[in-house]
């Protein structure tokens, strides 16, 4: 361990915590004797580490991964504003670990952690919807790009602020997102207009919904269209999370509280 500390040098000196992103057991043990607090960040706590921040999706971009870990640790009270932390993570599969030293207040709150963990909808449901959108973004419909809008959580209020565009194929069903067969159905129905409405627990409440909240005052990045505007508006007026697959650029974006909080490229997953 002394050799590791000598190698890290100034990166380790005087940090308040060391964040290990998805470490294996042997690498985690290498850090067991450091003086600083060790925080493990990953999709599951296979090492029974404490403290631990759950990483709900595999953020392939370094900034997104670090941001979520830091925001999660701040939210849980593991670290404080202004703390110096050393983040140890892989940028590419099989690559050497990358070390980045940051201050926790380098990241202004984005709402990403809140979207998964403090949402009325189960974090697993939000993750499952992301996976459907990402898979659809990769393959499209019969090889052609397709757009889609999923509204997750606060379904009763979302239904009251929308109207049907067509017959609801899920009206009398009790199917939930995450089931492989249901996910295939979602991909098939995505080629038609309207939003999917999904409950906090993952039940698919409706397809083909036209969202009606006023877009006045909703500020979205230039170049984004009607789906994104509707996503911003419905999340401003409800506690729902909206996940949009853009037909034009193929990116998946998430809105919460009327704001864009996450943007990912399906091709990187």
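Numbering (this note's numbering), first residue to last: 685 to 953.
All residues carry an ideal CB built from backbone N, CA and C; glycine is no exception.
field: Validate contact between the stretch 801-816 and the stretch 899-910 using beta carbons, cut 8 Å, 3 pairs
entry: no
message: Once the 5 residues before and after residue 765 are set aside, which same chain residues still bring their CB inside 8 Å of it?
response: Around residue 765: 758, 788, 789.
query: Would residue 946 be called buried (16 or more neighbouring beta carbons within 10 Å of its own) or exposed?
result: buried
- prompt: Hey, quick one: how far does the alpha helix (DSSP H) through residue 746 stretch, first residue to last?
  reply: 746-759
- request: Give the DSSP-derived three-state secondary structure of residue 698 in the structure shown.
  value: coil
field: Where the beta strand (DSSP E) containing residue 726 begins and where it ends
entry: 721-726
task: Kindly indicate the opening and closing residues of the beta strand (DSSP E) around residue 867.
output: Looking at the DSSP string, residue 867 is not in any beta strand (DSSP E); the run it does join, the alpha helix (DSSP H), is 864-873.
Proximity winner among 774, 841, 911, relative to residue 742 (alpha-carbon distances): 774
- prompt: For residue 882, which of helix, strand or coil comes out of DSSP?
  reply: strand
task: Count the CB pairs spanning the stretch 857-867 and the stretch 906-918 that are closer than 8 Å, and state whether there are at least three.
output: no
query: Among 823, 871, 752, which residue has its Cα nearest to the Cα of residue 834?
result: 871
- prompt: Looking at residue 836 and residue 813, is the spacing between their C-beta atoms short of 9 Å?
  reply: yes
- request: For residue 924, I'd like the list of residues in its chain whose CB is within less than 7 Å of its CB, leaving aside the five on either flank, ordered along the chain.
  value: 835, 836, 837, 838, 842, 918
Whole-angstrom distance between residue 869 and residue 877, CA atom to CA atom: 15 Å
- prompt: Just how far apart, CA to CA, sit residue 707 and residue 740?
  reply: 16 Å
field: Exposure label - residue 914; buried when at least 16 CB within 10 Å
entry: buried
message: For the beta strand (DSSP E) containing residue 846, name the first residue and the last one.
response: 846-848
- prompt: DSSP beta-bridge partners for residue 860?
  reply: Note: residue 860 sits in a beta bridge opposite 887.
message: On a Cα-Cα basis, can you pick out the residue from 896, 746, 762 that is closest to residue 844?
response: 896
field: Residue range of the beta strand (DSSP E) that includes residue 818
entry: That residue, residue 818, is in no beta strand (DSSP E); its alpha helix (DSSP H) goes 807-823.
message: When you compare the CB positions of residue 699 and residue 720, do they come within less than 9 Å of one another, or not?
response: For residue 699 and residue 720, yes; Cβs fall inside 9 Å.
Same chain only: Cβ atoms within 7 Å of residue 701, ignoring 5 sequence neighbours per side: Once the five neighbours on either side are set aside, the close Cβ partners of residue 701 are 720, 721, 723, 763, 767, 769.
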